[in-house]
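Below is one structure, written out as structure tokens; comments come after it.
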Amino acid sequence: MWLLVALLWAEVSGEELLDRIVAVVDREIILLSEVKQRARLELFQKGRYAVDDSTLRALEERILDDMIADRIILVKAQNDSTLEVTPQEVDRALDEQLSRIRREAGSQQAYEQLLRKEGLTEKDLRKRFRKEVRDYLLKQKFMAKLAMKIRVSDDEVRKFYRAYRDSFPVLPERADIAYIMIKPKVGEWKLNQVRGEAVRLLRQVRNGANFAALAEAYSEDPGSRRRGGDLGYLERGSTKWPKFERVAFSLEPGKADTVRTPLGYHVILVEDRKKDRVHVRHILLGLSPSSEDTARALALLDSLRERALSGEDFEELVERYSEDPAGRRSGWRPVGQLPKVITDAISVLKPGQISRPFKGLAGCYLVKLYDRRPGGIPDLERDWDIIKEWAFERKLQREFEDLISEEKKKLYVEVRWAPLR
């Protein structure tokens with residue numbers, strides 16, 4: 048989330064600040080700009096673009112307190128020799144955040160425009176946020192270690208329920224489910240047909256045909272087709288398809304080739320190369336499953352259903368066959384947050400039953416309903432697991448607050464608080 052917030056903030060804030068240190072925690076500092084930016088961003092996210100001075104001051108003061116607590120946790124985590132964050136963990140976290148920014152931007156081109164606006168490349172972005180990401184992961188590990196020490200007894204759960212039941216939120220309808228999702232696989236005949244079309248287009252490109260015109264006529268990528276297949280400049284790791292990148296980075300400017308990805312067959316043309324970036328155009332020929340391909344997927348699911356009804360563990364079948372990790376059994380899920388194809392399927396099932404195979408937008412499904420709970424005011428016996436989780440979270444929060452209070456007495460904490468406006 049931190050990278051996305053930083054880039055979004057750069058778009059909504061044009062304010063220049065005369066920066067200074069407003070707090071010091073051990074060797075960690077907190078800057079005026081950090082407090083200001085976090086406060087304005089919080090208001091922006093809530094749709095509050097103008098507030099009075101007293102409200103803004105109270106918000107900034109609360110944010111400064113939160114940031115001091117955050118720095119204290121960081122110092123504690125840095126001093127804990129049992130905690131380690133590897134470079135590989137940092138790389139994975141950066142990859143996830145950059146993918147999220149790309150999705151939020153809407154397209155590769157919009158993502159690149161966002162970076163250019165800030166005068167950055169993706170390599171710059173990774174370098175700039177590497178320490179922040181490492182610190183974030185280190186704090187996460189510290190908090191996980193703290194949480195592992197917390198135990199909530201049954202008596203504590205009952206006391207928590209009696210003390211706070213009048214303030215509990217109304218629970219939505221929930222379901223305990225697992226499902227197998229299988230994407231129909233394109234048959235060999237279709238693969239050969241599309242591969243042949245890609246080779247035909249590649250031959251035309253190599254014989255001098257206008258690539259942009261071919262892309263506009265044949266490409267099935269709506270985002271780039273209108274631009275003659277132009278994807279802009281790509282960096283290594285900037286797409287979901289390593290094979291696509293390997294081919295693109297292996298080509299010299301003016302050269303073209305084909306490659307297959309999960310999207311289909313691509314005809315790739317490299318127009319330019321700048322250090323670690325290549326300017327790419329492509330023509331996408333999609334691999335859409337036929338009705339026969341879908342029928343094969345449904346038949347496989349039907350056989351898995353028979354195996355489950357004969358006694359095989361459904362969760363093991365999910366692990367072995369499902370192509371969607373979200374299909375694993377993961378406790379109570381709000382029914383309103385499930386895909387419509389899933390809610391429609393479980394609406395006619397009784398606990399313990401397995402649906403018939405059915406087709407959805409992402410693939411073909413087989414769903415098992417383990418149990419269902421109605422929405423409403425939490426009941427101690429029926430919703431024990433949820434109430435226990437709430438009691439745990441409250442106890443963890445108190446432990447956290449006590450820790451911060453104690454560490455403020457031990458660590459060097461200086462608040463250079465003056466009007467922040």
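In this note's numbering, the protein residues as written are 48 to 468.
All C-beta atoms in this analysis are idealised placements derived from N, C-alpha and C, irrespective of residue type, glycine included.
Would residue i and residue j qualify as a contact pair, given that the criterion is a beta-carbon distance under 8 Å?
i, j, result
"VAL180", "LEU458", "no"
"LEU351", "TYR368", "yes"
"GLY234", "ASP349", "no"
"VAL317", "VAL325", "yes"
"VAL382", "ARG375", "no"
"ILE77", "ALA86", "no"
"ILE115", "VAL460", "yes"
"GLU267", "GLY275", "no"
"LEU130", "LEU193", "no"
"PHE439", "ILE148", "no"
Quick check on the burial criterion: 16 or more other C-beta atoms within 10 angstroms. Buried or exposed for residue i?
i, result
"GLN135", "exposed"
"GLN384", "exposed"
"LEU408", "exposed"
"ALA303", "buried"
"PRO231", "buried"
"ILE434", "buried"
"GLY410", "buried"
"GLY279", "buried"
"ARG118", "buried"
"VAL462", "exposed"
"GLN400", "exposed"
"ARG445", "exposed"
"GLU58", "With a pLDDT of 47 at GLU58, under the threshold of 50, the modelled position of that residue is not reliable, and no figure is offered here."
"LYS387", "exposed"
"PRO269", "exposed"
"ALA210", "exposed"
"ASP182", "buried"
What does a CB cutoff of less than 8 Å around residue i pick up in its chain, not counting 5 residues either side in sequence?
i, result
"GLY61", "With a pLDDT of only 49 at GLY61, under 50, the local geometry of the prediction cannot be trusted, and the value read off the model is given with reservation. Answer for GLY61: no residue qualifies."
"LYS93", "none"
"LYS397", "LEU416"
"ILE224", "ARG376, ARG380, LEU385, ILE389, ILE393, VAL414, LYS415, LEU416 and TYR417"
Since residue i is in the beta strand (DSSP E), which residue starts that stretch and which ends it?
i, result
"PRO381", "379-381"
"ARG307", "303-308"
"ILE148", "That residue, ILE148, is in no beta strand (DSSP E); its alpha helix (DSSP H) goes 134-152."
By the DSSP assignment, the alpha helix (DSSP H) with residue i in it spans what residues?
i, result
"GLY255", "That residue, GLY255, is in no alpha helix (DSSP H); it is neither H nor E in DSSP."
"THR102", "100-125"
"ARG441", "431-457"
Using only alpha-carbon positions, find the residue among the options that is nearest to residue i.
i, options, result
"LEU481", "ARG419, LYS455 and GLU81", "Nothing can be reported for residue 481, as the shown portion of the chain is limited to 48 through 468."
"ARG283", "ALA245, ASN257, ASP142 and ILE224", "ASP142"
"TRP431", "ARG212, ALA259, PHE447 and PHE176", "ARG212"
"ARG380", "ARG173, LEU79 and TYR226", "TYR226"
"LEU310", "GLU370, ILE330 and LYS322", "ILE330"
"SER200", "ILE451, ASP112 and GLU436", "GLU436"
Here's a check: name, in chain order, each residue in its chain whose Cβ is nearer than 6 Å to the Cβ of residue i, leaving out the five neighbours to either side.
i, result
"ARG468", "Unreliable placement is indicated for ARG468, whose pLDDT of 47 sits below 50; the coordinate value is still reported in the next sentence. Counting only Cβ-Cβ distances below 6 Å, and skipping sequence neighbours, we find nothing."
"TYR208", "LEU427 and ILE434"
"ARG328", "PHE258, GLY276, ASP277 and LEU316"
Within the same chain, show all residues whose beta-carbon is closer than 7 Å to that of residue i, passing over the 5 residues directly before and after it, in chain order.
i, result
"THR308", "TRP288, LYS290 and PHE291"
"GLU512", "Coverage of the chain is limited to positions 48 through 468, which leaves residue 512 absent and any answer about it impossible."
"VAL246", "THR305"
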